[in-house]
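Peer 1: Residues in the sequence shown are numbered from 4 upward in steps of one, following the numbering used here.
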Amino acid sequence: MGPVSATAGPAASPDLALMPAGAPRRGGRPALSRLFRAVRSSRKATAGTVLLVIFILVALFPGVIAHDPPNASIYPRALGPSAQHLLGTTALGQDIFAQAIFGTRQVLIIAIGVGLFSTAVAVLIGVAAAYLGGLWDGSLGLLTDVLLVIPLFPLLIVIATYVQNAGTAVLVLVLTLTGWSYTARQLRAQALSLRHRDFLEAARVRGERRLYIILVEIIPTMTSLIVASFMTNALYAVLFGSSLQFIGLGDPNTVSWGTMLYWAENNEALQTGQYLWAIVPGVLIVTLGAAFALINYAFDEIGNPALRPVRGRRGRRGRLPAVARPAPAAAGPATADLATAQSPAAGQLTGPGGAILEVRDLTVTYAMERGTVTAVDRVSLDVAPGEFVGIVGESGCGKSTLLFAIAQLLAGPAAITGGSVVFKGRSLVGLTDTQLAAVRWKDLSVVMQSAMNALNPVKSIGAQFKDAMRAHGVSSRQEIADRSAEVLKMVGIDSAHLKSHPHQLSGGMRQRAMIAMAMLFTPDLVIMDEPTSALDVVAQRSLMVQIKELQQQYGFAVIFVTHDMSLVSHFSDRLLVMYAGQVAELGATREVFDSPLHPYTAGLMEAFPSIRGPRVELSGIPGTPPDLSRPPAGCRFAPRCPRATTRCAADRPELYQIGATQVRCLLHEHGRNSGIADPDLTGPQGVSSD
Ligand code: SF4
Numbered sequence: 004m005g006p007v008s009a010t011a012g013p014a015a016s017p018d019l020a021l022m023p024a025g026a027p028r029r030g031g032r033p034a035l036s037r038l039f040r041a042v043r044s045s046r047k048a049t050a051g052t053v054l055l056v057i058f059i060l061v062a063l064f065p066g067v068i069a070h071d072p073p074n075a076s077i078y079p080r081a082l083g084p085s086a087q088h089l090l091g092t093t094a095l096g097q098d099i100f101a102q103a104i105f106g107t108r109q110v111l112i113i114a115i116g117v118g119l120f121s122t123a124v125a126v127l128i129g130v131a132a133a134y135l136g137g138l139w140d141g142s143l144g145l146l147t148d149v150l151l152v153i154p155l156f157p158l159l160i161v162i163a164t165y166v167q168n169a170g171t172a173v174l175v176l177v178l179t180l181t182g183w184s185y186t187a188r189q190l191r192a193q194a195l196s197l198r199h200r201d202f203l204e205a206a207r208v209r210g211e212r213r214l215y216i217i218l219v220e221i222i223p224t225m226t227s228l229i230v231a232s233f234m235t236n237a238l239y240a241v242l243f244g245s246s247l248q249f250i251g252l253g254d255p256n257t258v259s260w261g262t263m264l265y266w267a268e269n270n271e272a273l274q275t276g277q278y279l280w281a282i283v284p285g286v287l288i289v290t291l292g293a294a295f296a297l298i299n300y301a302f303d304e305i306g307n308p309a310l311r312p313v314r315g316r317r318g319r320r321g322r323l324p325a326v327a328r329p330a331p332a333a334a335g336p337a338t339a340d341l342a343t344a345q346s347p348a349a350g351q352l353t354g355p356g357g358a359i360l361e362v363r364d365l366t367v368t369y370a371m372e373r374g375t376v377t378a379v380d381r382v383s384l385d386v387a388p389g390e391f392v393g394i395v396g397e398s399g400c401g402k403s404t405l406l407f408a409i410a411q412l413l414a415g416p417a418a419i420t421g422g423s424v425v426f427k428g429r430s431l432v433g434l435t436d437t438q439l440a441a442v443r444w445k446d447l448s449v450v451m452q453s454a455m456n457a458l459n460p461v462k463s464i465g466a467q468f469k470d471a472m473r474a475h476g477v478s479s480r481q482e483i484a485d486r487s488a489e490v491l492k493m494v495g496i497d498s499a500h501l502k503s504h505p506h507q508l509s510g511g512m513r514q515r516a517m518i519a520m521a522m523l524f525t526p527d528l529v530i531m532d533e534p535t536s537a538l539d540v541v542a543q544r545s546l547m548v549q550i551k552e553l554q555q556q557y558g559f560a561v562i563f564v565t566h567d568m569s570l571v572s573h574f575s576d577r578l579l580v581m582y583a584g585q586v587a588e589l590g591a592t593r594e595v596f597d598s599p600l601h602p603y604t605a606g607l608m609e610a611f612p613s614i615r616g617p618r619v620e621l622s623g624i625p626g627t628p629p630d631l632s633r634p635p636a637g638c639r640f641a642p643r644c645p646r647a648t649t650r651c652a653a654d655r656p657e658l659y660q661i662g663a664t665q666v667r668c669l670l671h672e673h674g675r676n677s678g679i680a681d682p683d684l685t686g687p688q689g690v691s692s693d
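(1) Identify whether Glu211 lies in helix, strand or coil by the three-state DSSP scheme.
(2) Does any residue of chain B bring its CB to less than 8 angstroms from the CB of Ile518?
(3) Looking at Val529 and Val450, is the spacing between their C-beta atoms short of 8 angstroms?
(4) Residues with a Cβ closer than 7 angstroms to any heavy atom of the ligand SF4, in chain order?
(5) Helix, strand or coil: which one does DSSP assign to Val461?
(6) Could you check where the beta strand (DSSP E) with Arg577 kicks off and where it finishes?
(7) Could you tell me the alpha carbon to alpha carbon distance between Asp683 and Glu672, rounded to whole angstroms?
(8) Would you check if there are 3 or more beta carbon pairs closer than 8 angstroms linking the stretch 102 to 113 to the stretch 57 to 76?
(9) If Gln665 sits next to Gly590, beta carbons under 8 angstroms apart, how far is it from one beta carbon to the other, in whole angstroms?
(10) Can you tell which of Arg108, Thr92, Thr93 and Ala50 has its C-alpha closest to the C-alpha of Pro65?
(11) Whole angstroms is fine: what's the gap from Ala24's alpha carbon to Val152's?
(12) Quick check: what's the CA-CA separation for Gln507 versus His500?
(13) With a cut-off of 8 angstroms on the beta carbons, I'd call Leu264 and Phe249 a contact; round off their distance for me.
(14) For a minimum of 4 consecutive residues, which ranges assigned as the alpha helix (DSSP H) are wholly contained in the stretch 481 to 535?
(15) Over the uninterrupted beta strand (DSSP E) stretch that includes Gly261, give me the two end residues.
(16) Could you tell me whether the stretch 172 to 187 touches the stretch 117 to 127, where touching means 3 or more Cβ pairs closer than 8 angstroms?
(17) Just reading off the beta strand (DSSP E) that Phe391 is part of, what are its end residues?
(18) I'd like the list of long-range same chain contacts for Gln556, defined as Cβ closer than 8 angstroms, with 5 residues on each side in sequence excluded.
(19) Could you name the residues of the same chain whose beta carbon sits closer than 7 angstroms to that of Ser711, not counting the 5 residues immediately before and after it, in chain order?
(20) Which class does Gln556 belong to by DSSP, given the choice of helix, strand or coil?
(21) Confirm, please, whether the CB-CB distance from Val424 to Leu365 is below 8 angstroms.
(22) In the DSSP assignment, what residue or residues form a beta bridge with Thr369?
(23) Pair every Cβ in the stretch 214 to 232 with every Cβ in the stretch 276 to 288, then say whether three or more of these pairs are closer than 8 angstroms.
(24) To the nearest angstrom, how far is the alpha carbon of Asp567 from that of Val395?
(25) Can you tell me which of the three DSSP states Tyr239 falls into?
(26) Per DSSP, which one or two residues make a beta bridge with Gln660?
(27) Quick one: what's Phe426 bridged to in DSSP?
(28) For Ala519, which residues from the same chain have a beta carbon less than 6 angstroms from its beta carbon, with the 5 sequence-adjacent residues on both sides left out?
(29) For the beta strand (DSSP E) containing Ala587, list its first residue and its last residue.
(30) Could you please give me the residues that DSSP links to Val450 through a beta bridge?
(31) Tell me whether Ser403 sits in a helix, a strand or coil according to DSSP, three-state version.
(32) So the alpha helix (DSSP H) Leu145 belongs to, where does it begin and stop?
(33) Residue range of the alpha helix (DSSP H) that Arg46 falls in?
(34) Classify Gly118 as buried or exposed, calling it buried when 16 or more other Cβ atoms lie within 10 Å of its own Cβ.
This is the structure we're talking about:
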C-alpha cells in the first residue's frame, strides 16, 4: 500500500512512539481520560474524531436519519433533490440519501475490521521479527518485503476476481492479507530501536519470559504508533475496499458507497446528469478517509512532539508543568563518616576461599567489520561478601563491558571468548536465560546507568516492582505491596510514589527507585553501572551515601563502575583502575589514592579538583586511549605516559605485586611477585590479569 501515513517509519527516533504525557495505563478510566486529553489537545485529532463519531452514529442508527428503504426500486426514476428525496433518486428508482446513509455501515465494518486485523498481524510480525532477531527476523522480514514490492491493486483485483460477489467477511480477509506489510515494517523499525533499551535489558535480567517482554514491555511503549497503524490500515480499507466494489468485485447487491459508485457508473450517471448519484458516495469516501488521516497525523504528533506546530510557549492555560521535587534523603551518617567507614568485609580483602564472585582471565571480544576487538583482556577479580569494589577508567576502557560480561548481559557483536565467571560457586558463563533467571535478581541484581531508560516509561513504579517479584514466584498481592513499599522507603521515597510513572519522578528519585527494585530480594551482589552519571553533584553525593548505608545495613557486595574516581574513592573498599581493556592497578582504595603506582592512576587523580588543600591547575591526561583493534606493541599506556622509557614501547608489562597492590607498569618490575601467575596465589587481593 502507498505511503498514506505520516508516521516517520524506520527513521523514527526511539522515543517517537512513546507517549510521555498520555502514556496509557492498563485498566479503565485513567487510560481513557489520558487518551481523551490527548485527543482534545490536538485540533487534528478533535476534527478527525468528531467526523468519525458522526459516521459511527450514522452507521449504528441509519433508520433514525433515513426513512426510505435503501435498496427498494419503488420511486420514480432519476428525480432531482426534493423534500421527499433530499438527494433525488437513482436511474433504478432508489432514494440516494437512504443509500448513502445505510451504506455507511458496510464501509465502516470493512474499515474497522481491516484496521484491527491488519494492525494485529503487523504488530505480531513486526515486533516478533525485531525482538527475536536471527532467522525469525530474516524470514518474517522477507515475507514483509515481498508483499511490499508486489503492486497491490492488481493483486487485489486478481484475488477478488476469484472470490467474485464476495461478502463483507471475504473482503475484510482479502484486504487484511494484503494490507499489513507497510505498518509491520514501521513497527519492526520501532521495535528494533527499543530492543536494546535498558528497561528491556532490566526486564530480561529480572528473568521475564520473551512473550511477556513483547506483550507487556514492548507493545505498550508503541501505543501511539499502533493507533496510527490502525488508522493507516482503516484508511487503506476505505479506499481500496470502495475501489474494489466500484469495479464490481464485491457483492453489488449490498448497500455501500462503493456499490453506489458501481451502479452509477453502469447507468452513466454523470453523462445523464444524475451527478449526485456519483458525487455523494465519492465525497463520503473522501470525508471518512480524511477522518482517519487526521487522527493518524494527530497520533504521529502525539508520539513525536517535534512534529507538532509550535504554539505559545506557556500553552493554553499559561502554566508550565510542575517539576517533581526530589524526596529528602533518609537520615543517615554524615558523608565524612561514611568516607572512613569500612564495609562488613572490608578488613579481609577477599581470599579465593571466601569470595562470592570469582572472575578469572575474563576476555570479551567484539566482532567488527575491520576485525576483532578485545575490549576486556584477561581480567581476574574476586569480590568478597559485603565488599564494595569500585571500577574506574576513561570511556572505552572496558569497565562497562566487564560489568555486562559478569552479569551475562552481553549482546552481539560482543561475546565472552575466554575465562570464567563463578558466582557463589556456580559458573555463569554459558548458562541459558532460564538458568540465569534463577540467579539474577534474587542473588545478583543490576542497576543500569540511566534510570529513565532502564525503567519502563509506560508502567508505574509499583507495577514494575510487581513484575519483578512475580517473575520470581511471589504471587501474594499483600506480600508484593508490602515489600514494594518497604524497599521504596529504604531508599527514602514515600510509598505513595509506587503509583508514579518514571517521568513523574526527578532523576535522583528514579535512580533510587532502580536501586529499590534491585533490593527487592536483598541480593548478595549488586552490580551498578554508573548509576550517578546523569545526576548533579549534590544528588550524586546523596545517592552514594544512600547506597553505602544500604550496603552496610544489609551486607551485600557492590561492584560500582564509574568514570568519577573521586566520587567512588570515598565509598569503596578496593579500587580497580582499567585502561585499554586491562587491569592497570588494583588495591585498597586508600592505598591507591594515597600513593598511586601506575602513571595512569596518578593522571586520573590529577584530573579531579581537591576540595581541601591549595588550588592547583588540573592537568588531565594528554592524548586518547589506543585503538583496541591495533593496540600498541608494548605498554598500552606508553603513547600517553609521562614516565615512558624506550623499553615501554616494546615490552608488555605484566601485573606486578607491590605490597597489597597490583600494578601493570614496568617501573615496578623489580617488585614482581612470581606467585601472581599462580591461580592458587592470586593473593589476598584477589586480582590478577595476564
Ligand atoms: S610501563 Fe612505561 S609506559 Fe607503561 S605505564 Fe609504566 S612507565 Fe608508563
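Every residue gets a Cβ at the ideal spot worked out from N, C-alpha and C, and that includes glycine.
Peer 2: By the coordinates alone:
(1) In this structure, Glu211 counts as coil in the three-state DSSP scheme.
(2) Absent from the structure: chain B. Only one protein chain is present.
(3) Cβ distance < 8 angstroms, so Val450 and Val529 count as in contact.
(4) With the cut-off at 7 angstroms, the residues found are His601, Pro602, Tyr603, Cys638, Phe640, Ala641, Cys644, Arg646, Ala647, Thr648, Cys651, Pro656, Cys668, Leu669 and Leu670.
(5) Here Val461 sits in coil by DSSP.
(6) For Arg577, the enclosing beta strand (DSSP E) stretches over residues Arg577 to Tyr582.
(7) Caution applies to Asp683, whose pLDDT of 34 falls short of 50 and renders its modelled position unreliable; the value that the coordinates give is listed next. So the two alpha carbons sit approximately 21 angstroms from each other.
(8) Three or more pairs of CB atoms, one per stretch, sit closer than 8 angstroms, so the stretch 102 to 113 contacts the stretch 57 to 76.
(9) 7 angstroms between Cβ atoms; contact.
(10) Minimum Cα distance to Pro65 is reached at Arg108.
(11) Interpretation of Ala24 is limited by its pLDDT of 32, a score under 50 that renders its predicted location unreliable; the figure taken from the coordinates is listed afterwards. One alpha carbon belongs to Ala24, the other to Val152, and they sit about 37 angstroms apart.
(12) About 9 angstroms.
(13) With a beta-carbon spacing of about 4 angstroms, Leu264 and Phe249 fall inside the 8 angstroms limit used to define contacts.
(14) The DSSP assignment places complete alpha helix (DSSP H) segments of no fewer than 4 residues inside the stretch 481 to 535 at 510 to 521, in order along the chain.
(15) Taken as a continuous stretch (DSSP letters only), Gly261 belongs to no beta strand (DSSP E), being part of the alpha helix (DSSP H) at Trp260 to Asn269.
(16) Contact between the stretch 172 to 187 and the stretch 117 to 127 is present: three or more C-beta pairs spanning the two stretches fall below 8 angstroms.
(17) Membership of Phe391 in the beta strand (DSSP E) is indicated by the continuous run Phe391 to Val395.
(18) Counting only Cβ-Cβ distances below 8 angstroms, and skipping sequence neighbours, we find nothing.
(19) Any question about residue 711 goes unanswered here, given that the chain covers just 4 to 693.
(20) Correct three-state label for Gln556: helix.
(21) For Leu365 and Val424, yes; Cβs fall inside 8 angstroms.
(22) Residue 369 is actually Tyr in this sequence, not Thr. According to DSSP, which records beta bridges pairwise, Tyr369 is partnered with Val376 and Ala417.
(23) When Cβ pairs closer than 8 angstroms are counted between the two stretches, the stretch 214 to 232 is seen not to touch the stretch 276 to 288, the count staying below three.
(24) Their Cα atoms are separated by approximately 7 angstroms.
(25) In the structure shown, Tyr239 sits in a helix (DSSP, three-state: H, G or I).
(26) The bridge partners DSSP lists for Gln660 are Gln665.
(27) Answer is Leu360 and Arg429.
(28) For Ala519, where only same-chain residues beyond five positions count, the Cβ hits under 6 angstroms are Val490, Leu491 and Val494.
(29) Boundaries of the beta strand (DSSP E) around Ala587: Gln585 to Ala591.
(30) In the DSSP output, where bridge partners are listed per residue, Val450 has Met531.
(31) The three-state reading of DSSP puts Ser403 in helix, counting H, G and I together.
(32) Going by DSSP, Leu145 is part of the alpha helix (DSSP H) stretching over Gly137 to Val152.
(33) Start and end: Arg46 to Leu63.
(34) The residue in question, Gly118, is buried, as its Cβ has 16 or more Cβ neighbours within 10 Å.
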